[in-house]
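The sequence shown begins at 14 in our numbering and counts up one residue at a time. All residues carry an ideal CB built from backbone N, CA and C; glycine is no exception.
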Amino acid sequence: MIKVHTVRVHDASNERKTADNLLTHLENVIKELEDEWGTTVVAVVTDASGESHAARRMLGEKYPWLIVLDCHAHQVNLIVGDYFKHNPQLLTHTDNATELITWLRSKTLVLTLIRETQLLAGEKICAVIRAVLTCWTAHYLAYRRLLQLRQTLFAIIITGDAKAKAKATKMTELIKDTLFWIKMHLEPLAFAANVTQATICTVDTVLLTFGFLVMQYKSMSEPEDTEVVSAIIQSIKRRWAKCDQEIFIAAVVINPFYKTTPFSRISSLNNANIHTLLECLYTRFF
């Protein structure tokens with residue numbers, strides 16, 4: 014059973030945000046855990062910002078028996094960033110979608126018609142969601158909800174002036190043509206973000222989640238997907254290339270539920286090489 018405890022919260026607002034300062038704070042927390050809590054620290058995780066990365070690298074060099082890792086929820090966010098960098102025009106569509114969500118939520122008549130249409134159809138009542146500005150997964154959920162409401166919105170005859178009807182037409186076209194693709198491309202990454210940001214996420218779960226992502230995107234075979242899928246998979250590979258790969262592989266192997274099954278198609282990960290890998294890690298840490 015995994016339990017989370019807050020050891021120390023430090024106010025660094027009046028300090029320079031340098032790798033050396035962060036390293037000192039990390040060492041102080043490790044010392045406190047070992048001296049006062051009676052625990053053995055085996056791993057340290059930080060985000061991948063420049064100073065955090067540098068502090069983590071220095072910590073690993075100073076204490077080679079420690080496992081030092083990136084926050085992989087942050088890595089998933091970086092993959093999402095690469096997705097939008099490869100398709101900058103998508104940002105225009107997401108802006109339009111956000112604008113339409115705001116418009117929908119401002120029209121009480123439309124919201125009432127949506128509710129009544131769902132009730133008449135015997136459907137579960139679903140509301141229009143407004144996303145939190147700084148959380149991309151909230152935007153994904155907002156766009157997914159628009160797609161869920163698509164048939165309901167198509168069934169509604171919106172009365173009003175010409176401006177309102179034009180807005181409604183724009184709304185339905187956007188939902189039909191663009192949001193479907195954005196939702197489909199972001200859905201596996203939203204799942205991965207949810208898994209990797211959980212307090213119970215373990216090292217083996219991270220590698221299996223990356224494998225899940227690659228499998229999901231390789232299964233997208235529509236012509237419209239080719240460039241996007243390639244960009245996302247290349248981004249995943251870049252994140253994996255920067256990982257301490259032996260630790261992740263070993264974590265999966267020693268999980269009695271998986272053992273070597275996920276690597277059965279990789280000839281280099283035969284029993285002899287896995288034995289060597291585990292032996293090297295044992296020597297490294299013990």
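- The C-alpha of Tyr96 lies about 19 Å from the C-alpha of Val208.
- For Ala56, the enclosing beta strand (DSSP E) starts and ends at Ala56 to Thr59.
- For Leu36, the CB contacts under 7 Å within the same chain, skipping 5 residues up- and downstream, are Ala68, Met71 and Leu72 in chain order.
- Within the same chain, and ignoring the five residues on either side of Leu39 in sequence, the residues whose Cβ sits closer than 7 Å to its Cβ are Val57, Ala68 and Leu72.
- Residue burial is scored here from C-beta neighbours: Pro201 has at least 16 other C-beta atoms within 10 angstroms and is therefore classed as buried.
- For Ile80, the enclosing beta strand (DSSP E) begins and ends at Ile80 to Asp83.
- Within the model, the alpha-carbon separation for Arg29 versus Val20 is close to 22 Å.
- Note on the segment 195 to 248: there is no whole beta strand (DSSP E) run with a minimum of 3 residues.
- Leu160 and Met184 have their alpha carbons spaced roughly 11 Å apart.
- Look at His106 here: in three-state DSSP terms it is helix.
- Burial check for Ala205: the Cβ neighbour count within 10 Å reaches 16 or more, so the residue is buried.
- Contact annotation: the segment 125 to 133 does not touch the segment 223 to 232, with fewer than three C-beta pairs closer than 8 Å.
- By the criterion of a C-beta distance shorter than 6 Å, Ala32 is surrounded in its chain by Glu64, Ala67 and Ala68, once the five residues flanking it on both sides are discounted.
- Counting C-beta pairs with one atom in each stretch, the segment 257 to 270 and the segment 210 to 221 have three or more that are closer than 8 Å, which means they touch.
- For the options Ala134, Lys137, Leu133 and Leu154, the alpha carbon positioned closest to that of Arg143 is the one of Leu154.
- Residue range Asn284 to Phe298 is occupied by the alpha helix (DSSP H) that includes Ile287.
- Secondary structure at Arg143: coil, using DSSP grouped into helix, strand and coil.
- Per DSSP, the unbroken alpha helix (DSSP H) holding Asp48 starts and ends at Ala32 to Glu49.
- When Cβ pairs closer than 8 Å are counted between the two stretches, the segment 232 to 250 is seen not to touch the segment 270 to 277, the count staying below three.
- Following the DSSP letters along the chain, one finds His152 inside the alpha helix (DSSP H) bounded by residues Trp149 to Gln161.
- One thing to note: Ala61 has its Cβ within 7 Å of the Cβ of His87.
- Between Thr150 and Ala211, the gap from beta carbon to beta carbon reaches 7 Å or more.
- Looking at the backbone, the Cα of Lys250 and that of Pro269 are separated by about 26 Å.
- For Ile262, the uninterrupted alpha helix (DSSP H) segment begins and ends at Gln258 to Val266.
- When secondary structure is reduced to three states using DSSP, Pro77 falls in the coil class, being assigned neither helix nor strand.
- Linking Phe223 to Leu122 through their CA atoms gives a straight-line distance of about 44 Å.
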